[in-house]
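Below is one structure, written out as structure tokens; comments come after it.
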Amino acid sequence: MKKTDSGIFCPACKMRNEPGTQVCVYCNTPLKHHSQNTITLKKMREITGTLPDYFDDVLDAPAYNPGRFMDFEIPSKGIALINLENGQPIAMQEEKTFILGRASSETQMSKPLVDLTDFGAQDLGISRVHAMISKTKDGYQITDLQSTNGTWHENQRLYPKKPQPIQSGDRIRLGRLHILVFYL
516 MKKTDSGIFC PACKMRNEPG TQVCVYCNTP LKHHSQNTIT LKKMREITGT LPDYFDDVLD
576 APAYNPGRFM DFEIPSKGIA LINLENGQPI AMQEEKTFIL GRASSETQMS KPLVDLTDFG
636 AQDLGISRVH AMISKTKDGY QITDLQSTNG TWHENQRLYP KKPQPIQSGD RIRLGRLHIL
696 VFYL
């Protein structure tokens with residue numbers, strides 16, 4: 516990307532995408548372009564700029580479905596990993612240490628693997644051996660295992676092989692898969 520190109524910033528994850536991108540490559544949020552449906556907002560004292568008009572999206576949205584979102588039970592001994600996109604459980608783990616990644620006959624694991632293949636792991640940039648979650652005396656920690664597309668904790672990219680404490684309710688991101696972690 517040229518330094519003169521500003522790109523398109525995602526309204527959800529605030530990451531910069533290449534000009535002309537229709538969907539955020541980091542979080543899959545549809546992107547609006549300044550040429551589409553823009554309005555100029557004025558605050559009482561200043562002009563704040565041009566913002567996309569999202570009313571069309573709201574009016575065209577499907578009717579509210581009062582279905583159960585994030586309907587899960589936190590295990591008394593272990594950790595729950597929840598897909599932030601749909602609120603459904605990814606895994607409930609009781610092991611003290613486990614790996615997050617993709618199953619492969621080429622990779623031998625010394626720890627249990629939470630296989631994220633069914634969640635679109637390859638398309639979302641998740642490595643075969645992406646990250647490790649370990650129980651500590653104070654809770655849990657996550658360690659990036661030199662993944663190709665990185666691991667984030669609360670929007671901060673982790674340094675490879677440097678453990679980062681995580682709290683119940685924290686958001687982690689593996690490549691472009693957003694996960695909430697919960698434990699008691």
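Everything in the sequence shown is counted per our numbering, starting at 516 for the first residue and increasing by one.
Built from N, CA and C at the ideal position, the CB exists for glycine as well.
Treat the numbers as computed from the prediction; the structure is a model and nothing was measured.
What is the rounded straight-line gap between the Cα of residue i and the Cα of residue j?
i	j	result
Asp630	Glu621	14 Å
Asp633	Ile641	12 Å
Pro534	Ile523	6 Å
Gln608	Leu689	17 Å
Arg691	Cys525	13 Å
Asp615	Met647	Correcting the residue type first, residue 615 is Leu in the shown sequence and not Asp. If you take the alpha carbons of Leu615 and Met647, they lie about 6 Å apart.
Asn601	Lys547	22 Å
Val538	Thr658	29 Å
Ala636	Asn664	11 Å
Ile687	Thr536	24 Å
Met530	Ile589	31 Å
Cys528	Leu660	23 Å
Gln679	Ser649	10 Å
Leu675	Gln623	Inspection of the sequence shows that residue 675 is occupied by Pro rather than by Leu. Distance between the alpha carbons of Pro675 and Gln623 is about 20 Å.
Ser683	Ser591	13 Å
Asn598	Leu673	20 Å
Gly593	Ala606	10 Å
Gln603	Lys677	29 Å
So which of the options has the shortest CA-CA distance to residue i?
i	options	result
Ile694	Ala595, Pro534, Phe613, Asn543	Ala595
Asp685	Asp659, Ser591, Gln671, Thr612	Gln671
His645	Thr666, Ser625, Pro590	Thr666
Tyr698	Gly654, Pro678, Thr612, Ser625	Gly654
Glu610	Leu599, Asn598, Gln603, Lys626	Lys626
Asn543	Asp638, Arg643, Thr612	Asp638
Lys652	Lys676, Ala606, Ile681, Val696	Ile681
Gln656	Ile605, Phe613, Leu599, Ile597	Phe613
Short of 7 Å in beta carbon distance, which residues of its chain neighbour residue i, apart from the five on each side in sequence? Order them along the chain.
i	result
Ala618	Leu628, Asp630, Thr632
Asn532	Gly522, Ile523, Cys525, Cys539, Val540, Leu546
His668	Ile657, Gln679, Ile681, Asp685, Ile687
Please list the terminal residues of the continuous beta strand (DSSP E) segment that includes residue i.
i	result
Ile597	594–598
Ala646	644–651
Met607	604–608
Ile641	Taken as a continuous stretch (DSSP letters only), Ile641 belongs to no beta strand (DSSP E), as it is neither H nor E.
Arg686	686–689
Val538	From DSSP, Val538 is part of no beta strand (DSSP E); its letter is neither H nor E.
Thr658	654–659
Gly701	Nothing about residue 701 can be reported from this structure: the residues present for the chain run from 516 to 699 only.
Pro680	679–681
Thr666	666–668
Asp633	Counting along the chain, Asp633 falls outside any beta strand (DSSP E), and DSSP gives it neither H nor E.
Tyr698	692–698
Can you name, in chain order, every residue of its own chain whose Cβ lies under 6 Å from the Cβ of residue i, other than the five neighbours on each side?
i	result
Ser662	Ser642, His645
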